[in-house]
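These notes are about the structure you will find just below.
2 protein chains.
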Amino acid sequence: MSKAKNSDFNDAIELMFFAYRDFIADPDVILEAHGFGRAHHRVLHFVAGNPGISIADLLDILRVTKQSLARVLRDLIDADYIEQRIGAHDRRKRLLHLTAKGSALHSKLIAPQEKRFNQVLGAIGPQAFEQWKKTMRLVINSEDRENVDKLIERSRDARTETAN
Amino acid sequence: MSKAKNSDFNDAIELMFFAYRDFIADPDVILEAHGFGRAHHRVLHFVAGNPGISIADLLDILRVTKQSLARVLRDLIDADYIEQRIGAHDRRKRLLHLTAKGSALHSKLIAPQEKRFNQVLGAIGPQAFEQWKKTMRLVINSEDRENVDKLIERSRDARTETAN
DNA sequence: AATTTATGTCAACAACACTGACCCTTTTTG
DNA sequence: CAAAAAGGGTCAGTGTTGTTGACATAAATT
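Which chain is which? The protein sequence lines are A and B, in order. Note that full-length UniProt numbering has the first sequence beginning at 1, numbered continuously upward. Note that full-length UniProt numbering has the second sequence beginning at 1, numbered continuously upward.
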């Protein structure tokens with residue numbers, strides 16, 4: 001009776017597709033106005049959440065090759081959205097930080113996404129929203145969940161530190 | 001006290017990114033073995049859920065240009081995964097159907113995604129799973145929600161009809 | 001001193017999206 | 001019935017974002 005039907009999972013699959021499609025389309029208009037694409041957005045986002053991150057660690061999060069990262073990172077550095085600082089302990093490392101300009105763009109990019117989730121929260125309430133987050137966490141590969149936990153925590157710290 | 005903090009939404013944004021990334025990576029191995037990519041997967045998936053769909057309607061769901069669709073659709077037709085039938089009422093239309101071969105591949109592709117959600121369901125229970133679906137539905141643009149409802153229902157019908 | 005690590009860069013290539021133009025067939029409209 | 005519109009196919013060119021492979025440099029480690 002309470003057995004799971006396959007069609008339940010098909011619902012879930014469709015919902016993942018359409019929800020992600022609308023969610024990711026939000027910032028596209030802003031990006032295009034700046035001559036950037038989604039790849040630039042991803043870099044901007046994870047540098048924002050992990051100030052001082054190294055190239056190697058960023059590659060690990062994005063799961064792309066360094067040649068692929070290099071192209072968009074060069075765009076962002078040349079246009080003064082991201083700056084590199086040579087590591088204090090290890091002078092081989094290039095630690096990435098948003099500039100004021102980069103931080104401003106990042107805020108603009110996440111604004112529509114925050115608005116979207118704010119409306120969801122308003123519709124379902126804080127408890128259901130927390131439950132949704134727990135569920136989404138379980139959709140992530142189990143071996144990556146703790147890493148994502150750390151990323152989210154670090155990102156939270158980065159926000160409070162800059163009094164954002 | 002219970003005011004929404006922006007960091008709550010940042011959590012949600014990160015979770016969307018990582019959950020979708022792992023979710024969509026599931027079928028990649030199978031696709032590569034067949035010489036197909038994610039674009040082929042999307043076409044296969046929506047033809048499976050909407051048997052007899054026209055080119056125009058499929059373009060509407062995928063939100064790509066017909067030139068972009070044509071390339072992958074040609075691959076799938078040439079390799080006998082999808083067949084076109086001339087519309088009975090309107091002979092201009094080319095109605096798309098999966099062949100037996102296409103249906104088999106589609107089943108293989110969704111299997112790991114169904115498994116993923118089955119594990120989520122097992123962890124949180126059917127009630128929380130239903131709540132998650134309602135929440136995901138609210139992440140979709142409000143003007144598209146009813147269309148997605150219809151798509152999901154049609155997809156459910158397509159499954160029961162073929163006794164899948 | 002030799003090796004490893006972190007990063008950068010050049011070159012070629014592939015998937016997948018786009019625009020613009022043009023074609024054919026079939027249906028609808030005036 | 002002729003003209004226009006709708007559905008679909010195709011050619012040509014372009015851009016973004018990913019890939020491999022090879023090689024270079026500076027700094028750290030062994």
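Yeah, the Cβ is synthetic: ideal placement off N, Cα and C, and Gly gets one too.
The region 17-34 of chain B makes contact with the region 101-118 of chain B: 3 or more CB pairs, one atom from each, lie closer than 8 Å.
Listed along chain B is no residue with a C-beta nearer than 8 Å to that of Asp60/A; the closest approach is about 13 Å. Residue pairing by DSSP places Arg85/A opposite Leu95/A in a beta bridge. With a threshold of 8 Å between beta carbons, Arg137/B makes contact with chain A. The three-state secondary structure of Ile140/B, taken from DSSP, is coil. Here the alpha carbons of Asp80/A and Ile124/B stand approximately 45 Å from one another. Its Cα nearest to that of Leu151/B, the residue Phe46/B stands out among Leu15/B, His34/B, Glu14/B, Phe46/B. Proximity of the region 84-104 of chain B to the region 62-72 of chain B falls short of the contact definition, fewer than three beta-carbon pairs being nearer than 8 Å. Spatial neighbours of Pro51/B in its own chain (CB-CB distance under 6 Å, excluding positions within 5 residues in sequence) are listed in chain order as His97, Ala158. Counting every other CB atom within 10 Å of its CB across the protein chains shown gives Gly87/B a total below 16, marking it as exposed.
Around the Cβ of Gly49/B, a 10 Å sphere holds 16 or more other Cβ atoms; the residue is buried. With a threshold of 8 Å between beta carbons, Ile124/A makes contact with chain B. Excluding its 5 nearest sequence neighbours in each direction, Phe129/A has C-beta neighbours in its own chain below 6 Å: Leu121, listed in chain order. Ser103/A is outside the set of residues whose beta carbon lies under 8 Å from a beta carbon in chain B.
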